[in-house]
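Below: one structure, written as structure tokens.
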Amino acid sequence: MSRYIELHPVTPQARLVTKIVDRLRDGELIAYPTDSGYALACAPGNKEGLERIRAIRQLDSKHNFTFVCANFAQVGPLAIVGNNAFRLIKRLTPGPWTFILKGTKEVPRMTLNPKKHTLGVRIPDHAIAQALVKEFGAPILSSTLIRPGQTTPESNGWEIEEELGHLIDVVIEGPVTSTEPTTVIDLTADVPEVAREGAGDTSLL
-19 MSRYIELHPV TPQARLVTKI VDRLRDGELI AYPTDSGYAL ACAPGNKEGL
31 ERIRAIRQLD SKHNFTFVCA NFAQVGPLAI VGNNAFRLIK RLTPGPWTFI
81 LKGTKEVPRM TLNPKKHTLG VRIPDHAIAQ ALVKEFGAPI LSSTLIRPGQ
131 TTPESNGWEI EEELGHLIDV VIEGPVTSTE PTTVIDLTAD VPEVAREGAG
181 DTSLL
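One point on numbering: in my numbering, the residue at position 127 of the sequence shown is 107, and numbering is uninterrupted.
In structure tokens:
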């Protein structure tokens, strides 16, 4: 079974955040709340963690994994960002958006779409998610926790612990801002394209 940890929704306890991040660094898989449902996360370069996420979500090789960042400065080393994309990301973040971009050579190839060499980038507006990424000191590899056959992400930590705890090392209990997944915007071309509508308001585009 996983370790079940409750964090304060506004001021996550630093001691507990450090323990969780230490387990991320040790190669473990966590489930954590965000501003658009729960997500799974592991350290970038953690091949076993990546495969565990694929197995839980039953994802194929075409899936764009997401790097969750604390701020825009962490996006630069990961993705190729043009001027229009730069302005749009700066305007919409932090918030419930995932941006599909071309990855740089610094990104582990196993985390990129094998044909398009793309990845997702996300800057959440959520205290617990932000605390984890800031303590980790770099983006974390993540994927929304939507179970096979479902269209919306998990939204309760205790349910994840009860039903998926045997597959996850740490489950963090905390509130989600929205039960919808992120709105996904493809920024690989000149004109932004909405790949999935979700919690982010597309009228802002």
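For every residue, glycine included, the Cβ atom is placed at its ideal position computed from N, Cα and C.
If you're wondering where the values come from, they're calculated on a predicted model, not measured in any experiment.
Expressed to the nearest angstrom, what Euclidean distance is found between the alpha-carbon atoms of H146 and T132? 21 Å
For C22, the residue or residues it bridges with in DSSP: L121
Beta-carbon contacts of G178 that lie in its chain and below 6 Å, excluding the five residues immediately before and after: When the five nearest sequence neighbours on each side are left out, the beta carbons in the same chain lying within less than 6 Å of the beta carbon of G178 are those of E160, P161, T162 and T163, in order along the chain.
Touch check for the segment 166 to 175 and the segment 4 to 20: three-plus C-beta pairs under 8 Å? Remark: fewer than three beta-carbon pairs, one from each stretch, lie closer than 8 Å, so the segment 166 to 175 and the segment 4 to 20 are not flagged as touching.
Can you find at least 3 beta carbon pairs, one from the segment 111 to 119 and one from the segment 127 to 142, that sit closer than 8 Å? no
Pull up the distance between the alpha-carbon of R34 and that of L99, whole angstroms please. When rounded, the distance between both Cα atoms is 15 Å.
DSSP three-state label for D15, please. strand
I'd like to confirm the pairing. Which residues does DSSP put opposite A59 in its beta bridges? G83
Kindly indicate which three-state DSSP category D166 falls into: helix, strand or coil? strand
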